[in-house]
Structure formats: C-alpha cells, structure tokens
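Right, one structure below, let's go through it.
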Amino acid sequence: MTDNYEKETAEIDLRELLDVLRRRLVLIVIVTLLSSGIAALVSIYYIAPVYQTKTTLLVKQEASENALISQLQLSDVNLNMRLAQTYSEIITSRRVLGRVVENLELEMAPEVLKNSITVNQVKDTELIDISVKSGDPYGAMVIANEIAEVFIEEVEKIMKIETVNVLDEAVVSRIPISPNKTLNTLKAGILGLMASIFFFLLIETLDRTLKTASEVKNHLGLNVVGAIPFSEDLEDREISSEADPRSAVSEAYRVLRTNLRFAAINREVKTLLITSSIEAEGKSTTSINLASSLGQTGVRVLLVDADFRKPVIYKSINRKTNIGLTNILTEEGDYRDYIIRESGKCFDTLSSGTIPPNPSEILGSPAMKAFIEQVRTEYDYVIFDTPPVAVVTDAAVLSTLVDASLLVVSAGKVDYHIARRAVELLRNVNANLVGAILSMIPIRQKGYYYNMYATYYGEYDKKQRKRRFFSKYRRKRHD
313 MTDNYEKETA EIDLRELLDV LRRRLVLIVI VTLLSSGIAA LVSIYYIAPV YQTKTTLLVK
373 QEASENALIS QLQLSDVNLN MRLAQTYSEI ITSRRVLGRV VENLELEMAP EVLKNSITVN
433 QVKDTELIDI SVKSGDPYGA MVIANEIAEV FIEEVEKIMK IETVNVLDEA VVSRIPISPN
493 KTLNTLKAGI LGLMASIFFF LLIETLDRTL KTASEVKNHL GLNVVGAIPF SEDLEDREIS
553 SEADPRSAVS EAYRVLRTNL RFAAINREVK TLLITSSIEA EGKSTTSINL ASSLGQTGVR
613 VLLVDADFRK PVIYKSINRK TNIGLTNILT EEGDYRDYII RESGKCFDTL SSGTIPPNPS
673 EILGSPAMKA FIEQVRTEYD YVIFDTPPVA VVTDAAVLST LVDASLLVVS AGKVDYHIAR
733 RAVELLRNVN ANLVGAILSM IPIRQKGYYY NMYATYYGEY DKKQRKRRFF SKYRRKRHD
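Now the structure itself:
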C-alpha cells in the first residue's frame with residue numbers, strides 16, 4: 313500500500329463535501345425551516361414588543377447673549393459638537409430624569425429610565441432628538457414629552473439659554489421597533505442552515521466508516537469492482553438474480569460479474585475467495601448471488617462454504633443438515649458425493665460440513681490444496697465463502713491457495729482502520745486481492761454507476777417489493 317493510502321486523510325475533497333450536503337439536503341432544509349419557524353413563533357408570542365417615539369427640540373444659538381459660547385471662541389463645528397454633548401449630559405442627568413420620575417410617578421430609578429433614552433443631535437442642524445423606548449407606546453410618548461419640558465426648564469437655569477423650544481412633540485407609535493419578526497426569522501433560518509451544514513460535515517468528518525467507492529480507494533487502495541445497493545430481500549440471502557432478474561440489485565451483480573473478468577488480466581481466475589473485515593457485511597449473500605450470476609452465463613460454478621465458524625450457506629439452500637467440506641477433508645471422501653445440485657439452480661453448492669476444532673489448520677492443509685486442484689479441473693469458477701479476515705485467520709490462510717480474493721465492504725458499517733487491517737492481513741500472505749465489493753449501499757445514495765439505470769428499474773422494483781410483501785403476508789396467513 314502506498315504512502316497515499318497509508319496516510320490518514322482527515323480532509324474531505326470538495327466533491328465529497330457536496331455529496332454529503334446532497335445526501336443530507338432534506339434534513340438541512342427541515343432544520344432551516346424549523347429554526348425560522350421557531351424564531352417567528354418566539355418573536356410573535358414570547359417577546360414583548362418595544363415601542364419608540366421621539367420629541368424634537370430646536371435650539372437657537374445667540375452668541376452675543378450667551379456668555380458660555382462667547383468664552384469658548386470655537387468654530388461652529390466644534391461648538392455644535394460641544395453643545396450636543398453638553399445637552400445630552402443634561403437631558404440624561406439625574407437632575408432632569410429625577411424630576412421626570414417624580415412628576416410622572418414612575419416606579420423606576422432615574423438610572424433605569426436613562427437606559428431607555430437616546431439623545432441625538434441632527435447633523436448640521438440646530439435640532440436635538442430625544443428618543444424613548446418602552447413596552448407601552450402611550451407611556452413612551454408621555455415620558456418623551458415630559459423629558460423635553462423638564463430639560464427646557466433646567467437648561468434655562470443652568471446655561472441661561474431661553475431659546476430652546478419643542479419643534480415636534482412625541483406621539484404614540486403604533487408599530488413596535490422590536491422584535492423585528494422578519495429579521496429574526498431570517499437570522500434564525502441562516503443560523504439553522506449554517507449550523508446544520510456544520511453539524512453534518514462534522515459528523516461526516518468524524519465518521520470513520522467507508523461509504524463510497526472513493527473512500528475505499530483512498531483508505532484501502534482497492535478498486536471497487538462491484539457496488540451492490542441495499543435490498544430487503546438480501547437480508548434473507550435471497551438469490552436476487554433468480555427471484556427478480558430485472559431488479560437493480562440483479563443488474564449490479566451482472567456488472568460485478570463483468571468486472572471480474574477484467575480484474576485480474578495477468579492471470580486466470582477460476583478459484584475466488586470472498587471475505588469481509590467483520591461479520592454481517594454481506595459476504596455470504598454476495599457469494600451466493602455472484603455464483604448465480606456467473607452460472608446464468610452457462611459456465612460451471614461451484615459455491616463452497618468455507619466458513620467453519622458460522623456457516624450459513626446450507627441454510628440458504630434449505631438444507632437441515634450441514635455435511636460437506638470438512639467431511640471431505642477429514643474423511644478423505646469423494647467430494648462429488650457431497651455436491652448439492654438443486655433443480656432450477658444454475659450453480660452447485662458444497663456446504664461447510666461439521667464444524668472442526670481447528671479450522672485454520674484444515675483450510676491450509678494439503679488435503680485442502682488437493683481438493684482445490686480437483687474442483688478447478690471440473691468447474692469454470694469455484695467461489696469460497698470465508699469468515700471475516702480481521703476476526704480470524706481462516707480467510708488469510710485460504711487466500712494463499714486460490715487465484716484471487718475479493719473484500720466485501722458494507723457501506724457505512726466498517727471502520728476504515730479495521731478494513732485497512734483486513735487488507736494488510738491478506739497482503740502480508742501475498743494474497744491476490746483484486747478489488748473490493750461495496751455492498752448494502754442506500755438506494756438513494758448518489759455517485760454510483762447503478763444510478764444510471766436506477767430510474768429505469770425504480771418503478772419495477774417498487775412493484776416487485778409490493779408483490780413480494782403481499783405474497784409473504786398471504787403465506788403467513790395460510791400457515
């Protein structure tokens with residue numbers, strides 16, 4: 313494995329990022345809409361509205377009559393800035409606001425009232441705006457007008473200015489300045505969108521399972537020679553190509569069958585080992601369906617259950633007893649006596665036989681080697697279903713006796729560290745590992761070749777699933 317594949321890639325390329333967002337698009341839209349909806353509801357029903365009104369004062373400066381102004385001897389700009397600051401301080405002073413609180417009998421301290429007041433001098437004018445915010449629109453108007461009256465009285469006493477007049481009195485504001493329902497809804501939607509995108513990208517980055525062909529290539533250095541979509545029928549190890557030959561799953565196995573002929577162009581492949589990193593990745597289902605797909609081309613195919621740990625092939629062909637390979641190897645019987653040929657099946661089957669105490673030793677024995685040499689002369693393809701290679705050594709031992717090996721990788725199930733270890737175990741014994749089979753791919757997942765014909769087979773698959781469901785339902789009722 314090259315340094316490229318040995319290096320742990322924490323970064324996801326742009327295409328994979330877009331693929332993640334595409335696969336999570338529905339959830340992202342839902343989160344965005346929920347965020348916007350919640351913000352709108354909170355803004356309407358739970359946030360108290362705030363109203364703002366203002367009164368405008370007109371201040372005329374007469375330098376000859378104003379001792380303070382004549383002493384400042386400043387330019388008009390500086391003078392206006394100084395006066396604006398001075399008036400602001402006077403308006404928000406305890407002297408003015410204390411009288412306002414007292415006059416209106418407000419149940420608040422002047423410091424609290426100060427927080428709801430904004431004083432602003434209109435640029436290049438002699439106007440001063442006094443704005444008041446309150447949850448009561450009428451109360452805001454009353455406070456603003458009262459502040460203006462008290463300020464005029466106090467500024468005459470303090471600065472000897474008698475030219476301050478009310479230009480516009482405050483009026484009742486009917487429209488609240490907050491909450492801004494539209495802005496809050498928009499902000500929440502954007503925040504929900506960004507948060508959901510970040511969350512799903514983070515999950516994808518932290519997710520160490522292999523889900524796509526590019527991930528299998530990057531982490532394991534293996535080409536994906538087959539991509540098998542998930543099907544409920546495959547959970548029962550049903551032979552898809554026989555039960556439903558027009559389905560997308562059947563087509564995927566036909567593509568796998570074709571790719572196998574080009575996977576090892578430098579050597580003839582007649583004996584093929586199929587394994588996985590861990591259990592429940594679909595290796596036995598893959599073995600059965602690949603054997604069936606190959607057999608449909610008219611070649612002679614033998615499926616051998618070499619899983620001495622948890623054999624399942626004999627169950628899939630409806631056999632109650634499990635006699636087969638181990639009996640041949642330990643009792644030196646004729647393997648032809650144990651071959652199962654079922655009517656309607658296009659391949660032969662050999663069960664694992666009695667579970668032995670030393671599976672690895674039996675699989676690597678001279679008797680096993682002799683058996684392989686015998687069957688390869690009578691069959692065009694011999695497929696060995698073996699235990700997970702990262703769990704026990706059986707598959708690694710047997711891989712040295714066959715022409716080629718394939719690693720089944722269940723999409724979104726196996727950690728790439730474990731899968732990488734499985735590849736290393738096979739390569740350490742010089743197994744001819746020709747590629748990987750990505751199985752149990754969600755049918756809606758993008759980026760795989762079967763999507764080109766998924767639309768074609770989609771409606772047919774739906775009808776067939778309904779037909780099989782009602783068929784099973786009727787059988788259960790009949791039973």
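Reminder that position 186 of the sequence shown reads as 498 in my numbering, one-by-one numbering, no gaps.
Don't be surprised by glycine CBs; every beta carbon is placed ideally from N, CA and C.
Source: prediction; values computed, not measured.
**OP:** Please work out which residues of its chain come closer than 7 angstroms, Cβ to Cβ, to tyrosine 693, disregarding the five sequence neighbours upstream and downstream, and give them in chain order.
**Re:** Lys582, Leu584, Leu606, Val611 and Val613
**OP:** Could you round the C-beta distance between serine 672 and threonine 587 to whole angstroms and report it? I think they count as a contact, below 8 angstroms.
**Re:** Between threonine 587 and serine 672 the Cβ distance is about 13 angstroms, and since that is not below 8 angstroms, they are no contact.
Subject >> Proximity of valine 444 and serine 428 at Cβ, strictly below 9 angstroms >> reply: yes
Subject >> Secondary structure of proline 449, DSSP reduced to three states >> reply: helix
**OP:** Starting from the Cα of proline 449, find the closest Cα among Ile730, Glu419 and Ser490 and give me that residue.
**Re:** Ser490
Original post:
DSSP three-state call for methionine 752: helix, strand or coil?
Top reply: strand
Original post:
How close, in whole Å, do the beta carbons of phenylalanine 574 and proline 754 come, if the pair is a contact with beta carbons under 8 angstroms?
Top reply: Not a contact, Cβ separation roughly 27 angstroms.
Subject >> Cβ-based neighbour list, lysine 523, same chain, cut-off 7 angstroms, excluding 5 preceding and 5 following >> reply: Ala723 and Gly724
Original post:
DSSP on valine 537, reduced to helix/strand/coil?
Top reply: strand
Original post:
Taking the DSSP output, what are the residues bridged to threonine 661?
Top reply: Leu615 and Ile652
**OP:** Let me know the beta strand (DSSP E) ranges lying completely inside the segment 436-500, each 3 residues or longer, listed in chain order.
**Re:** 439-446 and 476-480
Subject >> Close beta carbons around valine 537, own chain, < 8 angstroms, minus the five adjacent residues each side >> reply: Leu568, Asn571, Leu572, Ala575, Leu718, Val746, Gly747, Ala748 and Ile749
Subject >> Terminal residues of the alpha helix (DSSP H) in which glutamine 686 lies >> reply: 678-690
Original post:
Would you report the Cα separation of aspartate 469 and phenylalanine 463, rounded to the nearest angstrom?
Top reply: Note that residue 469 is lysine in the sequence shown here, rather than aspartate. Rounded to whole angstroms, lysine 469 to phenylalanine 463 spans 10 angstroms at the Cα level.
**OP:** Under 6 angstroms Cβ to Cβ from glycine 665, same chain only, skipping five residues before and after it: list those, please.
**Re:** Ile635, Gly636, Leu637, Thr638 and Asn639
Original post:
For threonine 598, which option in Ala482, Glu527, Thr521 and Val721 has the closest C-alpha, if you only look at C-alpha atoms?
Top reply: Val721
**OP:** Spatial neighbours of arginine 336 within its chain, please: CB distance less than 6 angstroms, with the 5 preceding and 5 following residues excluded, ordered by chain position.
**Re:** Phe512
**OP:** Can you give me the Cβ contacts of valine 434 inside the same chain, cut-off strictly under 7 angstroms, excluding the 5 residues immediately before and after it?
**Re:** Asp441
**OP:** Could you give the DSSP three-state label for glycine 770: helix, strand or coil?
**Re:** Below a pLDDT of 50, predicted positions are generally treated as unreliable, and glycine 770, at 47, falls in that range; no measurement from the model is reported.
Subject >> Sheet register partners of alanine 716 (DSSP bridge) >> reply: Leu584
**OP:** Determine the DSSP secondary structure at asparagine 432, reduced to helix, strand or coil.
**Re:** strand
**OP:** State the DSSP-derived secondary structure class of phenylalanine 620, mapped to helix, strand or coil.
**Re:** coil
Original post:
Are there three or more Cβ pairs, one per stretch, closer than 8 angstroms when the segment 478-496 is compared with the segment 329-345?
Top reply: no
Original post:
When the cut-off is 9 angstroms and only beta carbons count, does serine 589 lie next to chain C?
Top reply: In the structure shown, chain C cannot be found, because there is only a single protein chain.
Original post:
Which partner residues does valine 694 have in the DSSP bridge list?
Top reply: Thr583 and Leu614
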